[in-house]
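Undergrad: In the numbering used here, the protein residues as written are 489 to 756.
Don't be surprised by glycine CBs; every beta carbon is placed ideally from N, CA and C.
Note that the structure is predicted; figures quoted are calculated from it, not measured.
One structure is given below, represented as structure tokens, and several questions about it will come after.
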């Protein structure tokens with residue numbers, strides 16, 4: 489064979505010399521690769537972790553939800569208007585000014601006031617008052633919280649209260665037959681939260697503690713058929729959320745309220 493003939497031709501000493509040179513070359517290559525690379529580029533397998541502190545975020549975005557972006561609204565065109573509006577929103581991107589993107593978005597409210605949702609808690613019984621009603625979207629009777637749209641005319645007041653708080657008090661009386669109590673806003677001051685990616689309307693959540701029964705409450709809206717459910721514990725609320733007995737907005741409002749109750753020492 490060629491390998492055997494090469495050994496016979498070159499002799500044992502020549503063969504050992506070749507092996508030695510190969511070993512020296514391997515050692516030299518290992519030394520080169522073990523040295524730190526002066527290149528700023530990271531090898532493909534390296535994972536880079538970027539840590540951003542809360543103070544850094546606050547410095548860049550004093551109000552994170554209003555962080556700057558490159559999207560501009562070209563126009564809003566109402567395609568349907570009933571209890572809710574379907575709006576065709578056309579936007580463009582500053583980096584691509586000739587590219588137009590169309591979205592169908594929902595406007596739940598007929599004013600700029602958005603919507604409100606209220607979690608009612610009794611500090612004596614350590615239970616909540618919730619509602620059950622028919623929800624036409626899922627076509628189910630589900631549990632929820634008192635909630636409604638902020639209406640500029642209906643909820644205007646002369647006491648200097650924020651209009652969303654006035655609306656929340658109206659909805660609590662209409663739907664839970666409760667009034668008064670100690671009120672807590674569950675978001676930062678002046679902050680309301682978008683209901684969904686494709687919904688214009690923003691909602692403000694509240695917690696009320698120890699509101700009192702109203703014997704002659706404000707009437708419900710014509711389309712509403714609501715059952716008031718009292719005496720629901722915090723654990724039951726959590727179980728109902730896990731079982732899908734709350735919609736997303738109701739579950740979100742309830743979870744914020746339970747967290748606030750923990751902070752206040754009302755529940756563990």
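#1: Does the stretch 715 to 722 come close enough to the stretch 614 to 621 that 3 or more CB-CB pairs lie under 8 Å?
#2: Mind checking who residue 615 pairs with in its DSSP beta bridge?
#3: Hey, residue 741 and residue 605 are a contact pair by Cβ (cut 8 Å); roughly how many whole angstroms apart?
#4: Tell me which residues share the same chain as residue 725 and place their Cβ nearer than 7 Å to its Cβ, disregarding the 5 neighbours each side in the sequence.
#5: From residue 693 to residue 581, what distance separates their C-alpha atoms?
#6: Quick check on this structure: which residue in 567, 569, 589 has the alpha carbon closest to the alpha carbon of residue 560?
#7: Can you give the beta carbon distance from residue 567 to residue 575, rounded, assuming they're within the 8 Å contact cut?
#8: Comparing C-alpha positions only, which one of 658, 651, 686 sits nearest to residue 677?
#9: Going by DSSP in three states, residue 630 sits in which element: helix, strand or coil?
#10: Roughly how many whole angstroms lie between the Cα atoms of residue 636 and residue 752?
#11: Alpha carbon to alpha carbon, how far is residue 622 from residue 712? Give it in angstroms, no decimals.
#12: Within 10 angstroms of its Cβ, does residue 535 collect 16 or more other Cβ (buried), or is it exposed?
TA: In this structure, then:
#1: yes
#2: 610
#3: 4 Å
#4: 616, 742, 746
#5: C-alpha separation (whole angstroms): 32 Å.
#6: With distances taken between Cα atoms, residue 560 lies closest to 589.
#7: 7 Å
#8: 651
#9: strand
#10: Their Cα atoms are separated by approximately 26 Å.
#11: 8 Å
#12: Only weak support exists for where residue 535 lies, its pLDDT of 33 falling under 50; the coordinates are left without a value.
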